[in-house]
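Comments concern the structure below.
2 protein chains.
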Amino acid sequence: MRRDIFQAIADPTRRAIIALIALQAMTPNAIADNFNTTRQAVSKHLRILTECELVKQEQQGREIYYSLEINKMKEIDKWLEQYRKIWENRFNQLDDLLSTIKKTKR
Amino acid sequence: MRRDIFQAIADPTRRAIIALIALQAMTPNAIADNFNTTRQAVSKHLRILTECELVKQEQQGREIYYSLEINKMKEIDKWLEQYRKIWENRFNQLDDLLSTIKKTKR
DNA sequence: TATATTTGCAACCAATTAGTTTCATTAATT
DNA sequence: AATTAATGAAACTAATTGGTTGCAAATATA
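Protein sequence lines, in the order shown, are assigned to chains A and B.
Every letter in the first sequence is one number past the one before it in my numbering, and letter 35, counting from 1, is 37.
Every letter in the second sequence is one number past the one before it in my numbering, and letter 84, counting from 1, is 86.
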């Protein structure tokens, strides 16, 4: 059971669920209405998302509202950080090159 | 064959390969030396990474050097953008709340 | 209380995945 | 020319995955 956040966002249906509940909490039935799949399949995705703490649930009577745990998304951002450094650095190098060319032309 | 970038980074070995070749190009053998797996397994990962254009190859004699296609990583950043907006917004709301409390105290 | 609704969970199935073993190709070395 | 090294690709296997069907539990409604 590999259950980390990268595995969680690998599935396109799960990314769609994340997008759906990012702004408002929704019940499994309501979420399933948006896809060509069964409620049970959505339920399984929600379980995976819950297990890696990307999603939190709140019970209201017999309904359970699922919503995005936005802070968990920062973990991906944190991972990206090291690569962002690289591409920003390359951009700066290009920038330097361009200004050098400019100076040479002058 | 689902072969998008999210599926590519889902595997921890592939993320390790990405980290390894981010700064310098490496041959499959050299990469495999860093893991408890066979060269062939690494080769398969490299194929997947190449197919989704996260990695580029450069032949030099009988060796093939693999390196990270850093620009492709920006796609993940682009996807994260929508969620970054949300968490920054929440942070601002908290900020507003705190300054309101400050004002009330005064 | 009986019935309907919302949900999670277990059992099962087909497809996919990560890995291994084996083989063919190409380039370097002797 | 023969051998060694570096690599990709195909065939196979075991494990995992996404999905379905069916069922049980809990809550709401008649």
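Backbone N, C-alpha and C fix where the C-beta goes; we use that ideal spot for every residue, glycine too.
query	result
Under 7 Å between beta-carbons, which chain B residues line up against A/F37? List them in chain order, please.	What A/F37 touches in chain B: nothing, since even the nearest Cβ is about 16 Å away.
Going by Cα to Cα distance, which pick from B/K80, B/K76, B/T102 is closest to A/F93?	B/K76
Taking 8 Å as the threshold, find out whether the region 67 to 82 of chain A comes into contact with the region 69 to 86 of chain B through three or more Cβ pairs.	yes
Taking C-beta pairs closer than 9 Å, name the residues in chain A that B/R5 reaches, listed in chain order.	Within 9 Å Cβ-Cβ: nothing; B/R5 doesn't reach chain A, min ~11 Å.
Exposed or buried, which one is A/R108 when buried takes at least 16 other CB atoms within 10 Å?	Any reading at A/R108 needs caution, since the residue's pLDDT is 48, under 50, leaving its predicted position unreliable; the model's value is listed next. With fewer than 16 other Cβ atoms within 10 Å, it is exposed.
Let me confirm a value: A/R5 is counted as buried when at least 16 other C-beta atoms fall within 10 Å, else exposed. Which label applies?	exposed
Distance, Cα to Cα, A/A24 vs B/Q59?	38 Å
Mind checking A/Q61: buried by the 16 CB within 10 Å criterion, or exposed?	exposed
Any idea what DSSP makes of B/Q62, helix, strand or coil?	strand
Just how far apart, CA to CA, sit A/K46 and B/H47?	28 Å
In this structure, how does DSSP classify B/L48 when only helix, strand and coil are distinguished?	helix
So is A/I103 buried or exposed if we call it buried at 16+ other beta carbons inside 10 Å?	exposed
Please report the Cβ distance between A/A10 and A/L56, rounded to the nearest whole angstrom; I am assuming they are in contact, meaning their Cβ atoms lie under 8 Å.	6 Å
I'd like to know whether the C-beta atoms of A/A34 and A/R41 end up nearer to each other than 7 Å.	yes
Would B/Y67 and B/T39 be called neighbours here (beta carbons separated by less than 7 Å)?	no
Just mark B/L70 as buried or exposed, buried being the case when its beta carbon has 16 or more other beta carbons within 10 Å.	buried
What do you get for B/E90, buried or exposed, if any count of 16 or more other CB atoms within 10 angstroms of its CB means buried?	exposed
For A/F93, go through chain B and note every residue whose CB falls closer than 7 Å to its CB, in chain order.	By Cβ distance, chain B contributes nothing, its closest Cβ being about 10 Å from A/F93, past 7 Å.
Report buried or exposed for A/R113, applying the criterion of at least 16 other Cβ atoms within 10 angstroms of its Cβ.	With chain A covering only 3 through 108, there is no way to say anything about residue 113 of chain A.
Does any C-beta atom of chain B lie closer than 7 Å to the C-beta of A/Y85?	yes
Given that a residue counts as buried once 16 or more other Cβ atoms are within 10 Å of its Cβ, and exposed if not, what is A/A43?	exposed
So with Cβ pairs under 7 Å, would you call B/A119 a contact of chain A?	Outside the displayed span of chain B (3 to 108) sits residue 119 of chain B, for which this structure offers no information.
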